[in-house]
Structures are given as C-alpha cells and as structure tokens.
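Before any comments, here is the structure.
In the working numbering, the protein residues as written are 15 to 86.
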C-alpha cells in the first residue's frame, strides 16, 4: 500500500513540475487580425448590398411617383 501511495505521489509531483516548466508558444497560422477584419467588412458590405437589392425588388410595386401629375 505504501508503494502505491509513493508511486502516486511521485507521479503527481512529476506531473506538476512538468506542467509548471512547460513553455507555451503561440504560433499564428493563417490570416492576421487585420486580414480577418478586412474580409469580414467586405462580406458585410456584400450582404448589405444583396439585402438592399432584394428590398428594392420587393418594394418596387409599391413605389409611387415623386409627382403624381407627371406619372405616365
């Protein structure tokens, strides 16, 4: 029983020491933040343009002329 507890204690100490001394390196892969923001802004503008065109198409039958006397 003492041997099992000793093995567990050594494992815990080793695990803790290993994780305390581990070095974490952040390696960026892919686009930078500026590239992401540019792509998202372009996608937003495209989506806004598509929605605007769709709304114009839906509202076209209900458009009234600016001056009803000049209506054809």
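Heads up, the beta-carbon is just placed ideally off N, CA and C, and yes, glycines get one too.
Residue 68 and residue 52 have their C-alpha atoms spaced approximately 24 Å apart.
Each residue's CA atom was taken as its position, placing residue 72 and residue 41 some 48 Å apart. When rounded, the separation of the alpha-carbon atoms in residue 81 and residue 45 is 52 Å. Taken through DSSP and simplified to helix, strand or coil, residue 73 comes out as helix.
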